[in-house]
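Novice:
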Amino acid sequence: MEKSISIRGELRASSQGEKFQITGYAALFNSPSKNLGGFVETVAPGAFDRALREKQVVRCTFNHSLDAVLARSDNGTLALATDKKGLRFTAQLNKNIQQHKDIFEACKAGLYNECSFAFIVAPDGQKWSPDGSQRTLLDVDLADVSLVATPAYEGTSASVRSAVDANVNDLRARVLAMPSDWARQERANQIGLAIAAEKRAAAEPDEDEDDSEDEEMDSLRSALANHFGKASHGHTPKYWPVELKNDSVVASDMDAYDPKYVSIPCERDDEGNFSFGDPDDDLDYEPTGRAIHSAYVVRGAKSDAELKTRMRAAAGIGSRF
């Protein structure tokens, strides 16, 4: 199941009279997302028509959590409709539930003003451009509309995804079985991925070399991941180290579509623990020496992550980001 965060500034809390409602747009039509790891996505008008016609059970949640259900379509507390703009919802909250009151007041205060929707792509419910860089949602099963704290599409908000965990091998089989040119492109990508893996293995240092520096970089990568978290695609750390200097570490920004390096102030205490300052992205850097190998590993990791993201999108499912 995918969750596509969509709209900023399209959420409103209303308490006039008997109203204790939250309204908003969970998706905008024909509004391109930012880069989602190798592709850009739009929602076509009509993508929700079948789901609404079938009266699929849809929940209104907070941050897509079933521990925070605010309304449901099957008990009349959630109303859904589409117009020229997108998918609009009205959630009737319950004044007797403290959680509803807290979320309502937070929305009213403007602390939360973004919306999202969770979906599963129907068979033949998506269209890809020939080069795989553009994805259009044509027909989806709708699982929830949600209040979220993370911005999403360009012009309205930024973009993130999340979904249920899926076995990668099963996912690969599903993608390659798709009856389309996209399936053949993914098969070619798989071959390219295998070739790249062999090249990376051939580029590994000889076993006779001192591997202490590799261990240090592994430790540094783990520390960066713990401090800065994962990249938006969810498959790698946000910053991947390329070169450790006296008082800083040069790292690749794994959220950047094109290669981008940042300089992060870095200190290490007597016990070997790293501490970091704020990244400086105004860095003109070209790896040299051993750092060339590290940069090559980074590019491979980024390529792998982008392929996994595209596979999940093609199959209509994904893993928790």
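Going by my numbering, the sequence shown opens with residue 97, and the numbers climb by one from there. In this text, a Cβ means the ideal position worked out from N, Cα and C, and glycines have one as well.
Among all the DSSP beta bridges, which residues are the ones paired with S371?
Specialist: S371 pairs with E363.
Novice: My understanding is that P361 touches D343, with C-beta atoms under 8 angstroms, so please give their C-beta distance in whole angstroms.
Specialist: Contact flag correct, Cβ pair sits at about 7 angstroms.
Novice: What's the call for E311, buried or exposed, on a 16-neighbour Cβ count within 10 Å?
Specialist: With fewer than 16 other Cβ atoms within 10 Å, it is exposed.
Novice: In terms of alpha-carbon separation, which member of P333, H323, K204 and Y357 lies closest to G373?
Specialist: Closest option to G373, Cα to Cα, is H323.
Novice: Is C211 closer than 8 angstroms to A187 when the C-beta atoms are compared?
Specialist: Taking 8 angstroms as the Cβ cut-off, A187 and C211 do not qualify as a contacting pair.
Novice: Would you tell me roughly how many angstroms separate the C-alpha atoms of N192 and Q152, rounded to the nearest one?
Specialist: The straight-line gap from Cα to Cα measures roughly 27 angstroms.
Novice: Which residue or residues does DSSP assign as beta-bridge partners of P333?
Specialist: Its beta-bridge partners are K326.
Novice: Check Y56 in the structure and name its three-state DSSP category.
Specialist: Nothing can be reported for residue 56, as the shown portion of the chain is limited to 97 through 417.
Novice: Quick one: residues in its chain with C-beta nearer than 7 angstroms to the C-beta of A175, no 5 flanking neighbours on either side, listed in chain order?
Specialist: Only F185 and T186 meet the Cβ criterion.
Novice: Can you tell me which of G330, W336, A239 and A327 puts its alpha carbon nearest to the alpha carbon of D314?
Specialist: Nearest C-alpha to D314: W336.
Novice: Under 8 angstroms Cβ to Cβ from K180, same chain only, skipping five residues before and after it: list those, please.
Specialist: Around K180: F125 and P141.
Novice: Would you say L233 and E150 are within 8 angstroms of each other, going by their C-beta atoms?
Specialist: Result no, Cβ atoms of L233 and E150 do not sit closer than 8 angstroms.
Novice: Under the rule that 16 or more other beta-carbon atoms within 10 Å means buried, what is D304, buried or exposed?
Specialist: Because D304 carries a pLDDT of 47, less than 50, the predicted location of this residue cannot be relied on, and no value is offered for it.
Novice: What's the gap between the Cα of V338 and the Cα of S229?
Specialist: Using only the alpha carbons, I get a separation of about 28 angstroms.
Novice: Ignoring anything shorter than 4 residues or poking outside the stretch 147 to 224, list the alpha helix (DSSP H) runs there in chain order.
Specialist: Here the runs fully enclosed are 194 to 204.
Novice: In whole angstroms, what is the alpha-carbon distance linking V76 and L183?
Specialist: This structure does not reach residue 76, given that the chain is present from 97 up to 417, and the question cannot be answered.
Novice: On a CA-only basis, which of N159, R168, L340 and S348 is nearest A327? Give me that one, please.
Specialist: For A327, the nearest C-alpha among the options comes from S348.
Novice: Would you mind reading off the limits of the beta strand (DSSP E) that contains R231?
Specialist: Note, R231: beta strand (DSSP E), Q230 to L233.
Novice: Check for me: the beta strand (DSSP E) holding D349 runs from which residue to which?
Specialist: Here the beta strand (DSSP E) through D349 covers S344 to D349.
Novice: Please report the straight-line C-alpha distance between S318 and K341, rounded to a whole angstrom.
Specialist: Between S318 and K341, the C-alpha separation is close to 17 angstroms.
Novice: For E382, name the three-state secondary structure that DSSP assigns.
Specialist: DSSP places E382 in coil when its eight states are reduced to three.
Novice: Which whole-angstrom value describes the C-beta separation of R168 and D235, a residue pair presumed to lie in contact below a C-beta threshold of 8 angstroms?
Specialist: About 23 angstroms separates the two Cβ atoms, so there is no contact after all.
Novice: Between which residues of its own chain and E363 is the CB-CB distance below 6 angstroms, once the five residues before and five after are set aside?
Specialist: Hits under 6 angstroms: S371.
Novice: Can you tell me which of D365, H331 and D351 puts its alpha carbon nearest to the alpha carbon of L316?
Specialist: Considering only alpha carbons, the answer is D365.
Novice: For L243, which residues in the same chain have their Cβ closer than 6 angstroms to its Cβ, ignoring the five residues on either side in sequence?
Specialist: Here the set comprises F158 and Y208.
Novice: Assuming D376 and V358 form a contact by the criterion Cβ under 8 angstroms, report the distance between their Cβ atoms to the nearest whole angstrom.
Specialist: Confirmed, Cβ separation roughly 6 angstroms.
Novice: What are the boundary residues of the beta strand (DSSP E) that D240 is part of?
Specialist: Here the beta strand (DSSP E) through D240 covers V236 to V244.
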